[in-house]
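In this note's numbering, the protein residues as written are 255 to 535. Here a beta-carbon is modelled for each residue, glycine too, at the ideal position from N, C-alpha and C. The structure appears below as structure tokens.
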Amino acid sequence: MTAGYAPVPGAGRRERPRYLADSLARVSTLQQRATLRFGVPAGQSGWHGCARLLAEPVRFDQWREVLAGWLTDQYGEAPERTTAGYVMYWYMFVPGYLAALLFHHERRVPSLRPADLAFQLAHPRPHPTAIAVRSPAFACLPDDPAAGTAHATVVPDERALAAVLRGRYVAHAARFVAAFAPTARFGQRTLWAAATDALDSSVWFAGRYGGDEGAGVLDAGLVLPERMAPLTSASTVRPVLDGQDKLRWTRRRESCCFHYLLKNGQGLCETCPRLCSRDLS
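Structure below.
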């Protein structure tokens with residue numbers, strides 16, 4: 255049996271319709287950045303369906319207004335580019351982190367169609383704090399316990415599975431770029447750079463916060479082995495020496511979150527593309 259899968263006593267292949275739900279429950283306990291679940295809980299408000307958000311881009315403006323209130327409370331201001339920068343990354347974090355966690359820990363890739371995803375925002379800082387998947391379908395490897403069941407699509411190897419992840423993510427990102435661009439006044443390069451950052455960092459973080467950063471780095475290279483347009487780069491995760499000559503991992507962002515525009519925002523992020531490469535080493 256593939257490592258990471260725990261059999262349920264008394265449960266046979268025909269008695270297991272909840273393979274993806276079980277995966278989400280297992281993975282959700284391995285990190286704290288966002289709760290994962292199958293299905294939107296009944297009677298709970300505050301959930302945002304990705305399909306509806308993309309179909310009604312004015313909802314991005316509403317999200318940015320809430321964020322602007324929080325930024326103003328924290329920093330005394332909320333520049334337009336900063337709210338747009340935060341929201342473009344936070345949105346793409348939803349399909350990116352979901353896919354990264356399941357790929358890294360379970361070697362499964364769920365549906366990433368906007369109609370199949372929803373998320374809940376935290377308060378008062380309105381970042382995604384929970385992600386829900388509505389479809390039980392997923393792609394997996396031949397040795398997956400669910401291979402051959404109704405909702406599983408089997409691919410031959412890890413490279414093929416990484417390609418499925420990348421393709422599904424890019425399809426979702428394309429919908430986001432088309433919907434968000436008119437509301438944020440960002441060019442295509444900036445938006446696709448943010449999508450690339452969300453995917454690359456999500457796969458890296460899946461390992462980092464799941465207890466095996468090195469494995470996350472390897473997975474980032476598997477998912478983004480080279481630049482594959484419209485994504486803007488291969489994985490930029492790389493080792494650097496810290497001030498005590500100890501090796502650690504970092505990455506160069508492709509996009510800017512515009513946090514530096516806040517007067518009390520402590521300047522540029524360490525991974526900001528506005529810094530030259532020698533400043534990161």
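- Taking all protein chains in view, the Cβ of T450 is crowded by 16 or more other Cβ atoms within 10 Å, so the residue is classified as buried.
- In this chain, the beta strand (DSSP E) harbouring V363 covers 362-364.
- Of the candidates S456, F373, A376, the residue whose Cα lies closest to the Cα of S489 is S456.
- In summary, A376 is exposed, with fewer than 16 beta-carbon neighbours lying within 10 Å of its beta-carbon over all protein chains present.
- Between R422 and the set V471, E508, L485, the nearest pair of CA atoms involves L485.
- Distance from the CA atom of A353 to the CA atom of T326, rounded to whole angstroms, is 33 Å.
- Ranked by Cα distance from E360, the options G461, R502, R505, S509 are led by G461.
- For A416, the three-state secondary structure derived from DSSP is helix.
- Counting only the Cα atoms, F459 lies some 21 Å from M482.
- DSSP places G303 in the strand class (E or B) of the three-state scheme.
- Between the C-alpha atoms of R280 and D496 there is a straight-line separation of about 34 Å.
- Here the region 394-410 does not lie against the region 326-336, with fewer than 3 beta-carbon pairs under 8 Å apart.
- By the beta-carbon neighbour count (other beta carbons within 10 angstroms, threshold 16), R420 is buried.
- Nearest to F292 by C-alpha distance, out of L355, D315, R388, is R388.
- Closest option to C304, judged by alpha-carbon separation, among L278, S365, P390: S365.
- Inclusion of P368 and R429 in the CB contact set at 8 Å is warranted, their separation being smaller than that value.
- By the Cβ neighbour-count rule, V494 is exposed, with fewer than 16 other Cβ atoms within 10 Å of its own.
- The beta carbon of R335 sits closer than 7 Å to those of F512, L515, all from its chain and outside the five residues before and after it, given in chain order.
- Taking all protein chains in view, the Cβ of V312 is surrounded by fewer than 16 other Cβ atoms within 10 Å, so the residue is classified as exposed.
- Fully contained in the region 350-403 is no alpha helix (DSSP H) run of length 4 or more.
- Here the alpha carbon of A474 sits roughly 29 Å from the alpha carbon of W301.
- In this structure, DSSP gives A309 a helical state, which the three-state scheme calls helix.
- Taking a C-beta distance under 8 Å as the contact criterion, F357 and L278 do not qualify as a contact pair.
- Of the other Cβ atoms in all chains shown, fewer than 16 fall within 10 Å of the Cβ of G468; this residue is therefore exposed.
- Spatial neighbours of A452 in its own chain (CB-CB distance under 7 Å, excluding positions within 5 residues in sequence) are listed in chain order as Y343, M346, F347, G350.
- Contact between D315 and T437 is confirmed by a C-beta separation of about 6 Å, below the 8 Å threshold.
- By the Cβ neighbour-count rule, E480 is exposed, with fewer than 16 other Cβ atoms within 10 Å of its own.
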